[in-house]
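Notes for the one structure printed next.
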Amino acid sequence: MSDFFQYLVNGLTIGAFLSLIALGYSMVYGVVRLINFAHGDIFMIGAFAGFTVLTTIGVTGGMAIPAVLAAVVVGSLATGVVGAGIARVVYTPLLKARQLSLFIAAIGVSLALSEGVKLLTGARFKSYPDALDGGQIMAGSVRVSYAQLVLVVFSVVLMAVLWLFVTRTVTGTAMRALAMDRDAARLQGINVERLILMTFLIGSVLAGAAGVMYGLYYTQISFGMGFLIGLRAFTAAVLGGIGNLPGTMAAGVLIGLIQSFAAGYISSRWTDVIIFGVLIAVLAFRPSGLFGERVVERA
Amino acid sequence: MLRDLSTRYGGWLLMILITAATGLFLDDYALTVAASTLIYAILGLGINVVVGYAGLLDLGFAAFYAIGAYVSGLLILKLQWDFWLTLPAAIAAAAVAGVVIGYPTLRLRSDYLAIVTLGFGEIIRITVINLEVTGGPNGLTGIPPVSIGGNEIVTPQDFFYLVLVFFVVVLAVTGLLARTRLAFAWRAIKDDDRAAEAIGVPTRRAKLLAYVIGAAVGAVSGPLSGAQLGTVDPSNFTFLTSLFVLLVVIIGGMGSRPGVMVGAVIVVALPEALRSAGDYRGLAFALLLIFIVIIRPQGLWPARRRPLRVPAETTPSEDVEQMRAGRLDVDELSRSFGGVTAVRDFHLTLDAGEVVSVIGPNGAGKTTAFNCVTGVIEPSRGTITLNGNSLRGLAPHRVAAAGLTRTFQNIRLFDDMTVAENVLVGRFAHNRTMFRPPSHADLDTVRRALDFVGLADAADRGASELSYGDRRRLEIARALAGEPRVILLDEPAAGANPTEKHELMRLIGRIRALGIAVALIEHDVSLVMSVSDRVIVLEYGQTIAVGEPAEIQRDPRVIAAYLGMPEDPEPDLVAEVVR
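Quick look at the structure:
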């Protein structure tokens, strides 16, 4: 039984940052109908930016907590700038082109980012400074590390802020309007281009923060790490009903749990088979994801 | 004829001869790269069917490559089959996998489809890595070279020519495929699958066929790759492979077979050529890719299609002059959405040669009633019969095949196709054969339908180039090409100017004269009153009046609900602003 709770804790942790990444896919898809293939690599850039900050400041003595905070802030700002910059330079000119061109451009960006980081930092794994080292809480025989706590709390806070932003602010409302009908939004005086960039910015900030947390949790990063995580997060976004933010958050946690339990009770070698199997089964019966989506189509 | 053949296939012949001749001058390394390029080109021709023709984004195409390679490799190694015998087995296995992945996902939107195919690709890859019979992460080793009549093909040059032969065969097969009716159905589905379904294309079957055929074609590359390397290595079937295969068609040009060759050279041969760039190879490739997409989104060699050969003159035939007579009966039809009843107890009888109009304010349930009748949405209650046969519960394409075709309120043409091709797709309601080119009867009917609406001169123009009124008429021609018993016209006069309305009125009269029953949704009262035999008035889903035009115009309830109100609120608005 204690195994069960341990897997639960681990699953929630993984789910927390998968949700953060999945939100970026979901938001971007909502406004520009793009599967932003490079999003996983944005996450990777966040991890590396955080790595640079942590190794520069150092995590010894009393510097650990400020260093972690700085890493998260710098990491997410860096990815925000990179993400919005790419959107401005590569995606904006293609918004009027066919959907597929945009998608292929995203694949190109993904390759360029991972190859670029490989050139800068080398192909080897980097071990992340263990800023939250060793600390843990035991609840019975279930171990909850400080890293896990920080990660989950931080993710929940970020998601709550995002939710308030989207539902309570004028900009957030405009963003939802944009997701429903770009032309109608434009006619209401919404600056569509700026808002699209903003969506990329927010999605990338979340992914950047997730990247730093990933590094702190797994303590190993590499230029290619964005691919698989991105794939799982994207699966979560689809499962949750892409464009549906609460659904995406829930599905992110669900995928995290599936991953953890599958690895625990079956074998980590079959994890992805199970994740994708669940995805296919769900979509076969519920074509718009577990929690539906808001895509209106007229006959 | 000979000249015709040479202009049609001369380019291909030249391309193949040049490729074959280059094989004489390349060194072994270059020949190996060239053979790999051709293997990717075969994969590209396969995914071109799925993505290029049918428009179904597939991100897991490497799965079929893997299935082909493993099935062939295992049969050779474990059961000592001959390479040539394993080929059909590999193709069949991939085709079955195409059904398995295609069938449950047919309802999905294309982006969801993409992720499902991606998941399927990963499932196959991880499974072969985890299973013992497939050799785990090491894959299969020791696959012998191909032998033809006792001669083993071992040199890179011989192997290159072997692959070239395979490529040419696949090229010819997909070339034949591109001329069939199925290919037209695919293009229509790619443009607007709901419209295609509504006018008679069996979209699910066509999509499934795209998967199966694409998978079967792509699977050919698997055994070839096994024979080339002597091994089947699971790391060759990663998601990256699927992406590169997809890039072959995107860089080359979607739906373009010469484009596939160009794309394969860029995807396989170019990175080899970039070897001198060393570590910068991946980055250079990525940047080049972005650059190509921005500069040339349609691909380097976009598809160029021959215009459909519509006959200059039609052979007189009874088909169009004497359409099949039909009687449509709709009884007690109701449909509610949640708690809202959009249509309640809708009743309609329509005989051959009659025109019945349905009018009512916006939101009265007119289009909902039409959508129930045509099978687009399922009615909550009621019966729908055509000549006594029930249409209820049939898929829209079956309703169309039964003899009931339609047009759409917000014109839904296939904009990437020509005028004549649009009409040709309408033929599926009459005959849904897929594996042959359009017949003479098809082309004849296309010509007659175009003549009928007065668009014969525009046959080879793109549907998107037409004026608004012509687009409306093209939609009607497309619906007529299916030789319907009943035609439903959904607001055909919307947005038309007075001249166009007049023409439309005459056109409806001529359709009726053919013996076709016409059901019309329309807001233009003068048009409705002048062409209709009977008028049905809806308000809030209820039928508030039925009768001949003259009666309707006098009915006080109708005047209160509909006729008395300004048909268009704008004049009032203007008046208010002026005041």
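Protein chains in written order, with the working numbering: chain X, 55 to 353; chain A, 2 to 580. We treat Cβ as the ideally placed atom computed from N, Cα and C, and that holds for glycine.
*asked:* Quick check for students: name the residue ranges of the alpha helix (DSSP H) that lie wholly in the stretch 427-474 of chain A, counting only runs of 4 or more.
replied: If only uninterrupted alpha helix (DSSP H) runs of at least 4 residues are considered, those enclosed by the stretch 427-474 of chain A are 441-454.
*asked:* Assuming contact is defined by CB atoms lying nearer than 9 Å, are A/V34 and A/A270 in contact in what I supplied?
replied: Contact: yes.
*Mind reading off the beta-carbon distance from A/R473 to A/A497? Whole number of angstroms is fine, and I expect it under 8 Å.*
Contact between A/R473 and A/A497 is confirmed by a C-beta separation of about 7 Å, below the 8 Å threshold.
*In terms of DSSP beta bridges, what is X/M192 paired with?*
Checking the DSSP bridge columns, you'll see X/M192 partnered with X/R197.
_X/S195 versus X/F59 - alpha carbon distance_ = In a straight line, the C-alpha of X/S195 is about 9 Å away from that of X/F59.
*Taking X/G189 as the reference, which of X/R178, X/G176, X/V204 has the closest Cα?*
Considering only X/R178, X/G176, X/V204, the residue with the shortest C-alpha distance to X/G189 is X/V204.
*asked:* Going by beta-carbon coordinates alone, are X/F330 and A/F429 separated by less than 9 Å?
replied: Not in contact: X/F330 and A/F429 (Cβ atoms no closer than 9 Å).
*Using the Cα positions of X/V224 and X/M252, report the straight-line distance between them to the nearest angstrom.*
Rounded to whole angstroms, X/V224 to X/M252 spans 13 Å at the Cα level.
*Residue span of the alpha helix (DSSP H) that contains A/V532, given as start and end*: From DSSP, the alpha helix (DSSP H) with A/V532 extends over 526-532.
*What residues in the stretch 271-301 of chain A bring their beta carbon closer than 9 Å to a beta carbon of chain X?*
Listed by position, the residues of the stretch 271-301 of chain A near chain X (Cβ gap below 9 Å) are D280, Y281, R282, G283, L284, A285, F286, A287, L288, L289, L290, I291, F292, I293, V294, I295, P298, Q299.
_Cβ pair count under 8 Å reaching 3, the stretch 290-303 of chain A against the stretch 243-261 of chain A_ = They touch, by the three-pair rule.
_In the DSSP assignment, the beta strand (DSSP E) including A/A520 goes from what residue to what residue?_
That run of the beta strand (DSSP E) goes 518-522.
*Select from A/A90, A/F240, A/R433, A/L86 the residue whose C-alpha is nearest the C-alpha of A/R206.*
Measuring from the Cα of A/R206, the nearest candidate turns out to be A/R433.
*asked:* Using a Cβ-Cβ cutoff of less than 7 Å, which residues in the same chain neighbour A/E492 once the five nearest sequence positions on both sides are dropped?
replied: Excluding residues within five positions, the ones whose Cβ falls inside 7 Å are Q410, I522, E523, H524.
*List in chain order: all unbroken alpha helix (DSSP H) runs of 4+ residues lying wholly within the stretch 86-172 of chain A.*
Correct list: 111-131.
*Would you mind telling me which residues of chain A sit closer than 7 Å to X/V163, beta carbon to beta carbon, in chain order?*
Against chain A, a Cβ distance below 7 Å from X/V163 picks out I291.
*is_contact[A/Y563, chain X] using C-beta, thresh 9 Å*: Contact with chain X is absent for A/Y563, since none of that chain's Cβ atoms lies less than 9 Å from the residue's Cβ.
*Taking C-beta pairs closer than 8 Å, name the residues in chain A that X/W217 reaches, listed in chain order.*
Among the residues of chain A, none has a CB under 8 Å from the CB of X/W217; the nearest is roughly 24 Å distant.
*Which chain A residues sit within Cβ distance under 7 Å of X/E169?*
Close to X/E169, with beta-carbon spacing below 7 Å, are these residues of chain A in chain order: G283, L284, A287.
*X/R240 lies in the alpha helix (DSSP H); which residues open and close that run?*
Per DSSP, X/R240 belongs to the alpha helix (DSSP H) from 236-241.
*Simplified DSSP state of X/G69, which is helix, strand or coil*: In the structure shown, X/G69 sits in a helix (DSSP, three-state: H, G or I).
*Note down, in chain order, all residues in the stretch 309-340 of chain X with a beta-carbon under 7 Å from any beta-carbon belonging to chain A.*
Only those residues of the stretch 309-340 of chain X whose C-beta falls short of 7 Å from the nearest C-beta of chain A are listed: R323, W324, D326, V327, F330, G331, L333, I334, L337, A338.
*Does X/M289 come within less than 9 Å of chain A when only Cβ atoms are used?*
Sequence inspection shows Thr at residue 289 of chain X; the Met mentioned does not correspond to that position. A Cβ of chain A is located within less than 9 Å of the beta carbon of X/T289.
*asked:* Counting only beta-carbon separations shorter than 9 Å, does X/I89 have a partner in chain A?
replied: It does: the Cβ of X/I89 has a partner Cβ on chain A nearer than 9 Å.
*Only counting runs of 4 or more residues, tell me where the alpha helix (DSSP H) segments fall wholly within the stretch 81-133 of chain X, in order along the chain.*
As far as the stretch 81-133 of chain X is concerned, its whole alpha helix (DSSP H) runs of at least 4 residues are 93-111.
*Proximal residues to A/A184 (C-beta, below 7 Å), its chain only, five neighbours per side dropped*: Setting aside the 5 residues that flank it on each side, A/A184 is surrounded in the same chain by Y54, L178, each with a C-beta closer than 7 Å to its C-beta; the list follows chain order.
*Which bits of chain A does X/V292 rub up against, with CB to CB less than 7 Å?*
Contact of X/V292 with chain A by beta-carbon distance below 7 Å involves Y113, I116.
_On the DSSP bridge list, what partners appear for A/V359?_
Residue pairing of A/V359 in beta bridges, as defined by DSSP: A/I522, A/I537.
_C-beta neighbour in chain A for X/A125, strict 9 Å_ = No Cβ of chain A is located within less than 9 Å of the beta carbon of X/A125.
*According to DSSP, which residues form a beta bridge with X/N355?*
The question about residue 355 of chain X has no answer here: the residues shown for chain X are numbered 55 through 353.
_Separation of X/N90 from A/R310, as counted between CA atoms_ = So the alpha carbons of these two residues sit roughly 42 Å apart.
*Can we say the stretch 15-25 of chain A touches the stretch 237-250 of chain A, given the rule of at least three CB pairs closer than 8 Å?*
Contact between the stretch 15-25 of chain A and the stretch 237-250 of chain A is absent, because fewer than three Cβ pairs lie under 8 Å.
*Using a beta-carbon distance cut-off of less than 7 Å, what residues from the stretch 135-162 of chain X approach chain A?*
Within the stretch 135-162 of chain X, the residues whose Cβ lies closer than 7 Å to some Cβ of chain A are V144, P147, L148, A151, R152, L154, S155, I158, A159, I161, G162, listed in chain order.
*asked:* Against chain A, which members of the stretch 183-206 of chain X pass a CB distance test of less than 7 Å?
replied: For the stretch 183-206 of chain X, which is checked against every Cβ of chain A, not one residue is closer than 7 Å.
*Hey, A/A189 and A/V51 are a contact pair by Cβ (cut 8 Å); roughly how many whole angstroms apart?*
16 Å between Cβ atoms; not a contact.
*What residues from the stretch 473-492 of chain A come within 7 Å of chain X, judged by C-beta to C-beta, listed N to C?*
Answer in chain order: no residues at all.
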